[in-house]
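Asker:
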Amino acid sequence: MAKTSGKKPVKRPAAATKRRPKRPTRRQILVRRVVAAIVLLALVGLVAWGAWAIAKAITESFSSSSTPTMEETVNPSPSSSAEWAALDEQDRLKALKGVKPEVCPSGDVALTLDVANRSGGDYNLVAKLTNKFPIPCLIDTPDQRIDVVITSGDETIWTSASCPGEAVTLLLSPDEETTRTIVWPAQHRTAGCEAGEAAKPGVYKAKVSIGGTSETTSFEVR
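Residues 1 to 222 in the working numbering are what the sequence shown lists, from first letter to last.
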């Protein structure tokens with residue numbers, strides 16, 4: 001009998017089986033298709049918006065260059081002081097093209113003051129204002145009123161500020177004059193509007209202030 005070898009036969013490892021990639025499920029395929037559709041729609045919308053914006057910019061540019069500019073019609077400004085003086089308050093404002101007039105510089109407002117005694121013991125303080133500014137301007141006054149102070153020595157006898165009168169707007173054309181009359185009842189009054197003690201005979205001073213300009217004059221009470 002032939003002798004067999006004592007070695008056991010070597011077992012060779014079986015060849016590894018190749019794994020096939022898993023096919024995506026129907027759900028995964030559906031999700032991918034939905035995402036792709038959304039991205040495509042977003043790209044289409046972005047392109048459409050860009051085209052609309054470009055077309056709008058071109059249209060507006062063409063319209064602005066081809067449409068004539070409409071200018072507001074304004075009243076022509078008078079060319080002389082006489083023409084300005086002939087206008088009423090509203091027409092002067094219109095002639096200034098709707099722009100608020102400048103305030104008259106204090107150095108361009110001429111002020112004079114006259115005092116006259118009238119029957120009944122009252123005194124008329126007549127202030128005359130003249131605009132020396134080359135264009136119409138407003139007389140700048142506190143509360144649009146004229147301030148008058150009557151003094152005797154160092155004592156204040158009467159002030160218009162204690163009982164203010166009606167406010168007025170003073171818009172003057174070049175070289176135009178206007179007068180304002182303030183009545184002093186020859187009484188003491190520094191507060192309120194009530195009648196005070198009659199002023200004693202003597203020399204008094206009247207000071208008128210308006211638009212940064214003031215004028216003082218002396219007069220006698222008999």
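By construction, the Cβ of each residue, glycine as well, lies at the ideal position given by its N, Cα and C atoms. Treat the numbers as computed from the prediction; the structure is a model and nothing was measured.
Please determine, among Lys128, Val103 and Leu125, the residue with the shortest C-alpha to C-alpha distance to Pro134.
Answerer: Measuring from the Cα of Pro134, the nearest candidate turns out to be Val103.
Asker: Decide if Thr213 is buried, meaning its Cβ has at least 16 other Cβ atoms within 10 Å, or exposed.
Answerer: Classification of Thr213: buried, given that the 10 Å Cβ count is 16 or more.
Asker: What number of angstroms, rounded off, separates the C-alpha of Val221 from the C-alpha of Cys193?
Answerer: Roughly 21 angstroms between the two C-alpha positions.
Asker: Check whether the Cβ atoms of Leu172 and Leu129 sit closer than 8 angstroms, and answer yes or no.
Answerer: Contact: yes.
Asker: Please tell me whether Ala186 and Ala195 are closer than 8 angstroms, where the distance is taken between their beta carbons.
Answerer: Not a contact, by the Cβ cut-off of 8 angstroms.
Asker: Straight-line CA distance for Glu215 to Lys207?
Answerer: Rounded to the nearest angstrom, the two C-alpha atoms are 6 angstroms apart.
Asker: Could you tell me the alpha carbon to alpha carbon distance between Gly211 and Pro201, rounded to whole angstroms?
Answerer: Computed Cα separation, rounded: 32 angstroms.
Asker: For a minimum of 4 consecutive residues, which ranges assigned as the alpha helix (DSSP H) are wholly contained in the segment 123-211?
Answerer: Runs of the alpha helix (DSSP H) inside the segment 123-211: none found.
Asker: Using the C-alpha atoms, what's the distance from Tyr204 back to Gly153?
Answerer: Spanning the two alpha carbons is a distance of roughly 8 angstroms.
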